[in-house]
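Residue numbers (our numbering), protein chains in the order written: chain C, 1 to 560; chain F, 561 to 1107; chain L, 1108 to 1240. Here the structure comes first, spelled out in structure tokens, and everything after it is commentary.
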Amino acid sequence: MSRLFDNSVIEEIDREKNRWHKQVYQPAEGVEKVFETLSGIPVEPLYTPADTAGMDYLNDLGFPGEEPYVRGVHPTMYRGRTWTLRQLAGFGPPEETNMRYKFLLKEGATGINGVFDYPTLRGFDSTDPFARADAGRGGVAIDTIEDMRILFDGISIDKISSSLVTCQPICNITVQSMYFANAQMRNVPLDKLTGTSQNDFLMETVITVAPEILPPKFSFKLSCDAIEYCTKHVPRWNPISFAGYNYREAGCSAAQEVAFVIANATACSEELIRRGLDVDSFAPRLSFFLSAHSDFFEEIAKYRAARRIWFRIMKERFGAKDPRSLRLRFHVQTAGVALTAQQPLNNISRAAYHALSAVLGGAQSVHIDGYDEALCTPTELSSLTALRTNQILQLETRVTHTIDPLGGSYFVETLTNKVEEETLRLLDEIDGMGGIVKAGETGWIHKEISNSAYEYQQAIESGKMPIVGVNCYQMEEKELPMELFEVPETLQIQEQKLKKIRNERNGAQVQDALDAVAQCCEKDGNLMEVIVEAVKTRATQGEISGALRSSYGTWEPPLF
Amino acid sequence: MNNQKATETIESGGKGSSGEDSFKNLSGFKIKALYGPEDISHLNPETDLGLPGEYPFTRGIHKTMYRQRPWTIRQLGSLDSPSRANERIRQLLEMGATGISLCLDMPTIMGRDSDDPLAEGEVGSCGGVAIDSIEDMRNLLEGISLDEISINFVSNSQSSVILAMFAAVAEERHVPLEKLTGTMQNDILKEYQAQKSFYFPPRPSMRLTTDTLSFCNEHMPRFNPISISGYHLASAGATPVQELAFTLANGFTYVEEGIGAGLSVDSFAPRLSFFFKVHNDFFENIAKFRAARRIWAKTMRERFKAKDRRSCILRVHAQTSGSSLTAHQAENNIIRVTTQALSAVLGGTQSLHTNSFDEAVSIPTARSEKLALRTQQIIARESGVINTIDPLAGSYYVEALTNQMETECYNYFKEIENLGGVISAIEKGYYARIIADSAFSYQEEIEKRKRTVVGLNEFFEEEDIDIELRKTDPGFEDEKVSGLTELKKNRDQALVKACLNDIREVSQGSNNLMPALIKAVKSYVTLGEIIGVMKGVFGEYREDSIY
Amino acid sequence: MSKGRKKRILIAKPGLDGHDRGVKVVARALRNAGMEVIYAGLHQTPLQIVNAAIDEDVDAIGLSILSGAHNTIFPKIIALLKDRGASDILVFGGGTIPKKDLEKLKSLGIGEIFTTGTDTHAIIDYLDRTLER
């Protein structure tokens, strides 16, 4: 046990603090306003060594790159290598997005972060009646392997790390397969590929619900299939990125965000072990995707707590031996929901400090939202400004010069412990229900998030949560001071392509491929193995998803 | 516990970048990979940190800090003509600013009226307001509640005259002098060291300073008569630790002078305030503010035997770093200003000015001013950092850095002492040498790419940027000059002459000049005339050019 | 002008402004580059500058103007040099000067203006090139 100060000193500090609080601090007016973090954790006026007296430095904090990883997952952190600048890009037909990727890489981005349009995310072709109006919106349209080829044309996929924000398994299983198949067709060995897929089943069943979704347990299965496939064939790929960011955008609190991603990761681990995989064969590649929201210190505490919790679960519950299994690695996106349509340039300030909290919390990669986030898909200027924000933080503020600079702060350590407590309580509750898949099926998660979201909105409307420009310091604004982004024409382009492809491909081959998918569902085999081959026949995403829906049926999520 | 060993392992085993030396902060301190409890093993939380509002005030000078009241949002509100400046001030107050800073134009700064031949082409320059006579002060303050709004006059060598005009206008408006709040920068030492808008040699300048101090002591007890400024030293090139050391040394010199003029330390020290720059290095800045508070408190108590706790409190106005902003990719400056502002707040500043993003190419427009203001409001209302006091206390890094800053300061104090004190050091060229060296190193580092400035020496883009000089009303200078001519024609010439004689006599003696100045400005004697007479008595100072 | 002798440059800040960080950095850079620098300092009037330039037999005058008074000061300097038959002295400068004013100043005879963000080497190269002729 290594204690920082001996007991008598702590007692004295505590006494002095009580004196200070009663006699010096008490505001003249009497009843004090309540101070809470964004997630509702009460915040005291002051924290002293007495608040962290019970901490054991070696066991609770340790050193970077070592158990319990609270101070950072790597030994050198940003002194050795800065976080990856990973800016999102994706819109319209793949030809357009390909150009934006190249632009960002030229300007200094060190990885690709690709988003897909709504039809693609939901498993529909651009031309599908459900999808037509949304083709090219919210991301790039991918219908066949041909689109994947165009999207990465001229980009060295063996050297650059590509994050595919495939959101949910129904999208991931096909789109990811297309990426791998494309690589094979470019003679890039799968074991050279680096990157990440989102592939989070909660995204599909709880967060971004769409028509005709698969039931949670099948969505979950697709997710695990992809992880299994990658573990065997694409060992440098992170096959899943638990999307805490999206849960947060939907309205949940910081502790819920951490609890849900960890519960999800735990469930995946259990399933993969059940399938016969060794925990150390897949755990090093599980990755996390978290938000950086408005409450500066709460976010920093959240990241540190998450690392400690994950470490303990992996070590104690799953008996992982490889140190890489014990590290919670995460990508951060600054909170879109915290940005405003009013006075959009203010968002530059917001995103800057959100990103700073991510960095002080030890993120492995960061995407900063564009200031026009609330209005449109980012323009080139706002993308560039966001990239520059990252670069200024990295190169000018010198926060990278030392590791975990806030370590030891009485406040930050206490808050870290508090977030951990709350998160563990939620994890226990989920365990009690039988795990996260069950919690999704019964609608428990939907309810938790929906409650938090409602409270959040109430807080804004009552003014309890000030948002500059929205509920305070509003201004009359006659016109938007910037250019909005116009999504380029997509539907017709994709339509043409699909027509051509349907004419040129071998119909019988496609049908065989789709049959193979159906059979695999029946036999409970690994679907990615089958779909990687299927996409090579130029079967469309819609056709493959259709086959899955036929086999698994669709699900009506509970309404609140 | 062996953090030392761990650090060695980290530094040798990890993929460190070439040259661990590259991890230095702006003050040149080598930053370790990791800080742990043993880096602050000698820290005594009670004597070194204390509690907010209690000696040594490291954790903050007020007991409730931002939980009860956020820092003052103090934005610059001047524009060439007094009436336009008045308009801008009212605009800012409406937008949510809670304090105003006013700058003077070049001629006024140099003690010259708008009709002075040397003022040609510079009247109303640089967004500063042209003040020639009490009439201008009246227009400037039209409709503003002098006892409610805190105005910071960025006035130095001429501050005795500006103060006289301010007091005179207050009296005219029947506002009791003892109700007036606000600040006069009035820090002549930093003029010799950095900003160079001095007129007289150091000794007479110090006399004027103590005159204003005594006057405020007696008549304007709520007014801050000196804002001891580090910002200008930093802008001239001083590193953060040099800024800290030199500013505090100047502060101690003023305290000595005040005591030398017969004032008791507790009668004026509570009203001394400070003005620091917020540099780009996020943590270094936070450490600087905390070290500043601790050093000031200890010195005031131990060396100057201050008894009143308010004498030991270091109150800070901070401004984000103008010299860190770029002309290229101006939107990037919003980010710099945001992180710097956050750093100032985490460091516990009492008031803050955030620069506009177009700083490098023009005087702020209303729009860019507003954005700068909003940045502060976002930090105050949305980020939650105000929820607790001194949140970074206990952080091994921040506490270690605070201690290191403090130690370095004492080294500089020793050097200055060995040279015979601040004024003697000025005369010996000590500051000129150090600041010129630091400024040159900085530029060298940028050109050699050892120091990155995004958009300038890294990630550069071809851009069609241009300087946007504020379009001063072309007729403004003429208008001002003719207005002044009128004023001079219509005043009581005999009275003016008598007042100027009076000033000459008092200057030659040792009585307090303020009463004579107030009488003079009420009689429409101009600023240039007053300074002219003083120059006749005190002489003019020329510095040795060291670069 | 004979080749081989060190270039002599007068550096000054005209007008009322006292912010001298930039002008001093430039002065030092030129000195480090092997030029002979005469630093006239602050608050110089155009007449004082021209007199000093002629007395010191300089090749060029470098001025720093941050206050916006360039349209008044530069033309004065050019006129004074012309009066004294010293128009062969190169005049250059730095500061906050917009492009359209620059065009005008160049047409009056100013050699070059270096604005915010300029590398000191750009100034040195310019002087090397221009004064070799």
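Glycine residues also receive a C-beta, built at the ideal position from the N, C-alpha and C atoms.
Looking at the DSSP output, N199(C) sits in no beta bridge, so it has no partner there.
If the five residues before and after L1173(L) are omitted, its C-beta is found closer than 8 Å to the C-beta atoms of D1124, H1126, G1129, G1202, T1203, all from its own chain and listed in chain order. A direct Cα-Cα distance of roughly 7 Å separates A1167(L) from R1115(L).
Contact of I894(F) with chain L by beta-carbon distance below 8 Å is absent, the smallest such distance being about 18 Å. Residue-level contact check: G1088(F) does not touch chain L, since none of the beta carbons of chain L fall below 8 Å from its beta carbon.
Within the region 943-970 of chain F, the residues whose Cβ lies closer than 8 Å to any Cβ of chain C are, in chain order, S943, G944, V945, N947, T948, I949, D950, P951, L952, A953, G954, S955, Y956, Y957, V958, E959.
If you look at V1056(F), you'll find it in the alpha helix (DSSP H) that goes 1053-1068.
Any Cβ of chain L closer than 8 Å to the Cβ of Y1107(F) would place that residue at the interface, and such an atom is present. Listed in chain order, the positions of the region 993-1020 of chain F with a beta carbon within less than 7 Å of a beta carbon of chain L are A996, A999, F1000, Q1003, E1007, L1016. Rounded to the nearest angstrom, the gap between the Cα atoms of I994(F) and K623(F) is 38 Å. According to DSSP, G92(C) shares a beta bridge with V140(C).
When the five nearest sequence neighbours on each side are left out, the beta carbons in the same chain lying within less than 7 Å of the beta carbon of L384(C) are those of E107, in order along the chain. Excluding the 5 residues flanking it on each side, I748(F) has same chain C-beta neighbours closer than 8 Å at N716, S717, F758, P762, S765, M766, L768, T769, in chain order.
The C-beta distance from E975(F) to S587(F) rounds to 15 Å, too long to fall under 8 Å, and the pair is not in contact. Taking a beta-carbon distance threshold of 8 Å, A352(C) counts as an interface residue toward chain F. Between the beta-carbon of D200(C) and that of C167(C) there is about 7 Å, and that keeps the pair under the 8 Å contact cut. At a C-beta separation below 9 Å, Q745(F) has no neighbours in chain L, since its nearest C-beta there lies roughly 14 Å away.
Excluding five sequence positions before and after L804(F), the CB atoms of its chain that fall closer than 7 Å to its own CB belong to G790, K848, A851, A852, M965, C969, given in chain order. The DSSP-derived three-state label of K106(C) is helix. Interface with chain L (8 Å Cβ-Cβ cutoff): M1074(F) is excluded.
Taking the Cα positions, A657(F) is about 44 Å away from H74(C). Under the DSSP assignment, S661(F) falls in the beta strand (DSSP E) whose first and last residues are 659-663.
Look at the beta carbons and you see the region 772-785 of chain F not touching the region 997-1014 of chain F: under three pairs across the two are nearer than 8 Å.
Taking 8 Å as the CB threshold, P764(F) stays off the interface with chain C.
S253(C) has its alpha-carbon roughly 20 Å from the corresponding atom of S287(C). In this structure, the alpha-carbon of E1100(F) lies about 11 Å from that of I1091(F). Per the Cβ contact rule, the region 289-307 of chain C is in contact with the region 235-251 of chain C (3 or more Cβ pairs under 8 Å). Close CB contacts of A1058(F) within its chain, under the 7 Å cut and outside five residues either way in sequence, are absent. Beta-bridge analysis with DSSP links V188(C) to no other residue. For K1114(L), the closest Cβ of chain F is not nearer than 8 Å. The three-state secondary structure of Q256(C), taken from DSSP, is helix. Note that the C-beta distance between S177(C) and V535(C) is below 8 Å. Residue pairing for F835(F): DSSP places it in a beta bridge opposite S789(F), H877(F).
For E299(C), the closest C-alpha among the options G92(C), E420(C), G114(C), R549(C) is that of E420(C). Residues of chain C with a Cβ closer than 7 Å to the Cβ of G613(F) are, in chain order, V24.
If you check each beta-carbon in the region 876-893 of chain F against every beta-carbon of chain L, the ones closer than 7 Å belong to T886, A887, H888.
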